[in-house]
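The structure appears right after this line, and notes come after that.
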Amino acid sequence: MFAACEPAVSTYLTASEAGRLTCSGEQLEYSTQHERAIYTLNVKDFARLHHEYLEAEKAHAGIVTIPDQRYSIGEKIRRLAHVLGTVEAEQMRNRMEFL
Numbered sequence: 006m007f008a009a010c011e012p013a014v015s016t017y018l019t020a021s022e023a024g025r026l027t028c029s030g031e032q033l034e035y036s037t038q039h040e041r042a043i044y045t046l047n048v049k050d051f052a053r054l055h056h057e058y059l060e061a062e063k064a065h066a067g068i069v070t071i072p073d074q075r076y077s078i079g080e081k082i083r084r085l086a087h088v089l090g091t092v093e094a095e096q097m098r099n100r101m102e103f104l
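Sequential numbering of the sequence shown, starting at 6, is according to my numbering.
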């Protein structure tokens, strides 16, 4: 029964590993070029960028953020894992998901 199922694989890359340390716009551009949704705590900048991309009819690979910083690390991971397990990559395209 389980042999037919392919395991879901999620990888991550930090901004410093990608060589993008400071600029939110560069981070979103990099993630889009590499077909990766971006996870960030920077709601303000990425909400602005999301709207700019939509207005310019420019695509991005998706933005996942947690606006409420009161969540424990365990709760953040649980919420992120839920998105990873329920949302396909194509569904994340041009989408901003608030956890």
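No residue lacks a Cβ here, since even glycine has one placed at the ideal position from N, Cα and C.
| query | Looking at C-beta atoms only, is the number of pairs between the stretch 47 to 55 and the stretch 87 to 95 that lie closer than 8 Å three or more? | reply | no
| query | Do Ala64 and Ala94 have their CB atoms nearer than 9 Å? | reply | no
| message | Output needed for Glu40: all residues of its chain with C-beta closer than 6 Å, excluding positions within five of it in sequence on either side, in chain order. | response | Ala66
| field | Helix, strand or coil at Tyr76 [DSSP, three-state] | value | coil
| Which runs of the alpha helix (DSSP H) spanning at least 4 residues fall entirely within the stretch 34 to 72, listed in chain order? | 48 to 60
| field | Candidates Tyr44, Arg84, Tyr35, of which the one nearest Leu112 by Cα | value | The chain is shown only over 6 to 104; residue 112 falls outside these bounds and no answer can be derived.
| query | Around the Cβ of Gln96, are there at least 16 other Cβ atoms within 10 angstroms (buried) or fewer (exposed)? | reply | exposed
| field | Three-state class that DSSP yields for Glu31 in the structure shown | value | helix
| Glu102: which of Gly79, Ala42, Gln74, Tyr58 sits nearest, CA to CA? | Ala42
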